[in-house]
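**Q**
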Amino acid sequence: MKFSKLYAPTTKDAPKDATLPSHQYLVRGGFISQVGSGLYNFLPMGKIVFDKIKNVVKEEMDKTGAQEIQMDVVTPAELWKQSGRYDVFGKELCRFKDRKENEFVLGPTHEEVVVDIVRNRINSYKQLPLHLYQITTKFRDEARPRFGLLRGREFTMKDGYSFHEDEASMKEEFAVMEKTYTKIFTRLGLDFRAVEADSGAIGGSGSKEFMVLAQNGEDDIVVCQNCAYAANVEAAKRAPKTTAVQAPEANFGKFKTPDMKTIDDVSAFFKVDPFYSIKAVVKKAIYVDKEEVVVFFVRGDDELQETKAQNACGALDLVDASLEEVEKAGLYAGFIGPVGLENVRFYIDLELKEAKNLICGANEVDYHFVGVSMFNFKEERYKDLVSVRADDRCACCGGTLHVTKGIEVGHIFQLGQKYAKAMGATFLDKNGKAQPFYMGCYGIGVSRLVAVMIEASHDDKGCIWNTQTAPYVLDMIVSNSKDDAQNAFAEALYTKLHDEGVNVLWDDRSERFGFKMKDFELIGFPYALIVGKELEEGFVEIVERKTLDKTVVKKEDAYAKLKELLA
RNA sequence: CGGGGCGUAGCGCAGCCUGGUAGCGCACCUGGUUUGGGACCAGGGGGUCGAAGGUUCGAAUCCUUUCGCCCCGACCA
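Those letters in the first sequence? Residues 1 to 567, per my numbering, in order.
(1) When you compare only the Cα positions, how much space is there between residue 148 and residue 372?
(2) Can you tell me the Cβ-Cβ gap for residue 345 and residue 292, rounded? I've got them flagged as a contact below 8 Å.
(3) Helix, strand or coil, according to DSSP, for residue 51 in the structure here?
(4) Looking only at its own chain, which residues have a Cβ that is under 8 Å from the Cβ of residue 62, when we skip the five neighbours before and after it?
(5) Between residue 339 and residue 250, is the Cβ-Cβ spacing less than 7 Å?
(6) Am I right that residue 395 and residue 238 are in contact with their C-beta atoms under 8 Å? What's the rounded C-beta distance?
(7) Going by the beta-carbon positions, is the gap between residue 125 and residue 427 smaller than 7 Å?
(8) Between which two residues does the alpha helix (DSSP H) containing residue 322 stretch?
(9) Going along the chain, which residues of its own chain have a beta-carbon closer than 7 Å to the beta-carbon of residue 39, five neighbours each way excluded?
(10) Buried or exposed: where does residue 323 fall if 16 or more other Cβ atoms within 10 Å of its Cβ makes it buried?
(11) Rounded to a whole number of angstroms, what is the C-alpha to C-alpha distance between residue 6 and residue 471?
(12) Who are the near neighbours of residue 552 in its chain, counting only those whose CB is closer than 6 Å to its CB and skipping five residues on each side?
(13) Going along the chain, which residues of its own chain have a beta-carbon closer than 7 Å to the beta-carbon of residue 425, five neighbours each way excluded?
(14) Compare the Cα-Cα distances from residue 591 to each of 164, 358, 258 and 158 and report the closest residue.
(15) Residue 506 lies in the beta strand (DSSP E); which residues open and close that run?
(16) Under the rule that 16 or more other beta-carbon atoms within 10 Å means buried, what is residue 386, buried or exposed?
(17) Between which two residues does the alpha helix (DSSP H) containing residue 168 stretch?
(18) Looking at the secondary structure, which residues open and close the alpha helix (DSSP H) in which residue 493 lies?
(19) In chain order, what residues of the same chain have a beta carbon less than 6 Å from the beta carbon of residue 513, not counting five sequence neighbours either side?
(20) According to DSSP, what are the bridge partners of residue 97?
(21) Starting from the C-beta of residue 559, find all residues in its chain whose C-beta is less than 7 Å away, skip the five residues before and the five after it, and write them out in chain order.
(22) Could you have a look at residue 517 and say whether DSSP puts it in helix, strand or coil?
(23) Which whole runs of the alpha helix (DSSP H) in the stretch 232–293 are 4 residues long or more, in chain order?
(24) To which residues of the same chain is residue 18 closer than 7 Å at the C-beta, ignoring the five residues directly before and after it?
(25) What is the C-beta distance between residue 461 and residue 521, in whole angstroms, given that I count them as a contact (C-beta under 8 Å)?
(26) Which stretch, first to last residue, makes up the beta strand (DSSP E) that contains residue 220?
(27) Look at the alpha carbon of residue 537 and the alpha carbon of residue 466, and state the distance between them as a whole number of angstroms.
(28) Going by the beta-carbon positions, is the gap between residue 208 and residue 230 smaller than 7 Å?
(29) Between the alpha carbons of residue 136 and residue 156, how many angstroms are there, rounded?
(30) At what residues does the beta strand (DSSP E) containing residue 131 begin and finish?
(31) The beta strand (DSSP E) with residue 441 in it runs from where to where?
(32) In three-state terms, what does DSSP make of residue 85?
(33) For residue 11, which option in 31, 4, 1 and 20 has the closest C-alpha, if you only look at C-alpha atoms?
(34) What whole-angstrom Cβ distance do residue 388 and residue 236 have, given they're in contact under 8 Å?
(35) So, with DSSP's three-state summary, where would you put residue 475?
(36) DSSP state of residue 15, grouped into three classes?
Given below as structure tokens:
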């Protein structure tokens with residue numbers, strides 16, 4: 001490709017709303033252009049990069065025997081009503097009606113559609129397992145699109161769905177996908193971790209996220225310094241917390257604690273470490289048909305993890321409860337405790353089970369209990385509720401846990417029979433009995449990966465692509481476009497490389513040297529060949545984008561050297 | 001969804017407070033000089049000032065409504 005013909009509108013200035021490097025450089029480098037909130041066009045180079053990433057994903061998926069299909073972006077609302085997600089999904093689900101007033105949705109994911117595809121067509125266990133996937137457009141009406149391609153509303157995802165006769169087969173495919181995803185992200189040259197994750201509203205049991213470690217990640221991940229344990233904070237576990245501080249020995253009793261509403265107030269008053277107190281967090285849980293105030297109890301020095309809390313009570317959503325709602329539920333803010341608490345749904349963190357010598361609210365204004373022991377609560381009240389933090393201990397090996405930022409690029413789920421059951425999709429098993437399918441589902445954010453590649457690899461001059469994903473692997477810069485000798489040398493080499501199928505760009509524009517170099521650095525081709533004034537003495541230069549190191553080579557050696565670098 | 005900000009040329013902005021019919025930098029076009037780090041000189045094109053309504057002799061500027069975009073938070077399969 002000649003640069004003079006390439007539509008790559010590069011700019012010196014970034015759009016003012018671009019805050020992340022990936023967003024700035026992809027726009028400045030002429031890869032993408034914004035057309036609306038969370039909506040982006042891919043320009044020629046953006047499309048090349050996108051296709052390269054997509055091909056890596058496709059190749060690895062095909063190797064596993066998964067078959068590519070394409071489902072419609074527009075899907076009838078009826079399917080969503082069958083699965084029950086029409087009401088559950090919330091405003092992210094973009095709904096609309098056609099001219100005949102029929103209801104549709106823009107697919108944010110395709111479990112319903114794929115179940116409809118196999119329903120009544122796969123009738124026997126002999127036809128299983130089956131894995132269908134697609135790489136297509138999705139639409140989610142995000143509350144707040146941001147970060148360019150990282151959180152757009154329209155995006156491209158690889159989503160695969162597998163069908164199985166039993167749980168064991170489902171788990172096998174899950175393991176295959178974990179390996180496959182590892183291959184894909186390794187091929188793309190990314191620094192990533194597979195982490196334990198919350199399944200969210202999609203449902204199912206086991207789930208793992210693939211996180212690229214990056215400063216600007218949206219997710220917090222807990223990583224053990226000692227062993228392989230890694231998890232999203234939403235699902236992270238830890239070894240039960242302990243303390244060296246002496247427990248306050250006291251008989252059970254009620255004490256007046258005027259106006260002491262915080263853990264700090266109370267622990268200072270009783271001169272007791274917050275570890276030995278119980279913190280109450282009041283939330284309003286929202287269900288399909290009702291709203292309800294729910295109380296969560298954790299140690300005084302712990303924090304509630306909201307996703308865990310939401311899972312504990314099975315709510316669609318948790319929001320902060322207003323003071324008014326708290327009072328209406330018969331609670332006294334600042335003096336709430338599990339002992340004697342009635343008529344309110346509540347949950348207690350697992351680590352408080354059988355704990356002794358605690359202080360908690362007495363459910364009476366200006367009073368706290370001391371010497372509380374946690375014995376007589378029902379088993380189902382105990383749930384994992386705490387937010388794991390840096391320096392907590394690993395549940396697997398006791399090592400120190402650290403917290404780092406990650407960008408989710410892949411997520412694999414074991415869905416079980418949830419969708420097949422809801423939608424009546426069954427097959428006949430070996431005993432001739434109708435069974436709902438066991439399903440797995442596996443996603444990769446393909447368009448998001450375009451941005452992630454840059455988030456993970458850039459400097460203050462621009463993008464740094466690797467040869468696997470670069471729009472062009474080599475940028476040939478003719479320093480003086482009026483110089484016949486330089487042009488002739490460049491053209492000969494360009495033609496040779498081009499004919500051999502090397503993805504090379506020839507900057508033949510009549511711009512000055514510095515201008516072309518800046519574009520090379522901004523766009524971030526892995527290598528540049530500079531054909532300049534030293535050609536007269538028989539030399540050209542090869543520049544590596546990553547290090548910006550320049551190597552002078554004899555002009556007749558340039559071809560061999562480039563072939564070696566680009567191999 | 002709560003709080004805030006911004007819409008003036010392709011991009012980045014000034015002008016608005018105190019109304020008088022629009023300007024700067026970059027980009028673009030023509031000619032010339034230049035050619036190893038985003039050149040220089042000369043000339044030139046391009047904006048119904050987001051939209052609608054109102055006040056006024058007169059509105060980018062004041063008032064009302066509306067649309068869009070962005071930031072912080074909540075949210076985020």
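By construction, the Cβ of each residue, glycine as well, lies at the ideal position given by its N, Cα and C atoms.
Model, not experiment: these values are computed from the prediction.
**A** In this structure, then:
(1) Cα-Cα distance, rounded: 52 Å.
(2) Sure, about 6 Å apart at Cβ, within 8 Å.
(3) It is helical.
(4) Here the set comprises 68.
(5) Not closer than 7 Å, so no.
(6) Right, the Cβ-Cβ distance comes to about 5 Å (below 8 Å), so this counts as a contact.
(7) The answer is yes: Cβ separation under 7 Å.
(8) First-last for residue 322: undefined, no H or E at that position.
(9) Answer for residue 39: 152, 153 and 154, listed in chain order.
(10) Exposed is the label assigned to residue 323, since fewer than 16 other Cβ atoms lie within 10 Å of its Cβ.
(11) Approximately 11 Å between the Cα atoms of the pair.
(12) So the qualifying residues of the chain are 539 and 541.
(13) Scanning its chain for C-beta atoms nearer than 7 Å, with the 5 sequence neighbours on each side dropped, one finds around residue 425 the residues 115, 118, 119, 436 and 437, in chain order.
(14) Nothing in the structure corresponds to residue 591, since the chain is present only between 1 and 567.
(15) Secondary structure note for residue 506: its beta strand (DSSP E) is the uninterrupted segment 504–507.
(16) With 16 or more other Cβ atoms within 10 Å, it is buried.
(17) Here the alpha helix (DSSP H) through residue 168 covers 167–187.
(18) Segment 484–499, the alpha helix (DSSP H) holding residue 493.
(19) Excluding its 5 nearest sequence neighbours in each direction, residue 513 has C-beta neighbours in its own chain below 6 Å: 479, listed in chain order.
(20) DSSP lists 103 as the bridge partner or partners of residue 97.
(21) Within the same chain, residue 559 has close Cβ partners 493 and 496.
(22) Looking at residue 517 - three-state DSSP - the assignment turns out to be helix.
(23) List check, alpha helix (DSSP H) in window: 263–270.
(24) Correct list, in chain order: 24, 27 and 148.
(25) Between residue 521 and residue 461 the Cβ distance is about 4 Å, and since that is below 8 Å, they are a contact.
(26) Residue 220 -> beta strand (DSSP E) spans 219–224.
(27) Roughly 32 Å separates the two Cα atoms.
(28) Result no, Cβ atoms of residue 208 and residue 230 do not sit closer than 7 Å.
(29) Going from the Cα of residue 136 to the Cα of residue 156 covers about 5 Å.
(30) 130–139 is the span of the beta strand (DSSP E), which, as asked, contains residue 131.
(31) That run of the beta strand (DSSP E) goes 438–445.
(32) Residue state, collapsed to three classes: helix.
(33) Nearest in C-alpha terms to residue 11, of all of 31, 4, 1 and 20, is 31.
(34) Residue 236 and residue 388 do touch by the CB rule: their CB atoms are close to 4 Å apart, below 8 Å.
(35) Residue 475 sits in a strand when the DSSP states are folded into three classes.
(36) If DSSP states are grouped into helix, strand and coil, residue 15 belongs with coil.
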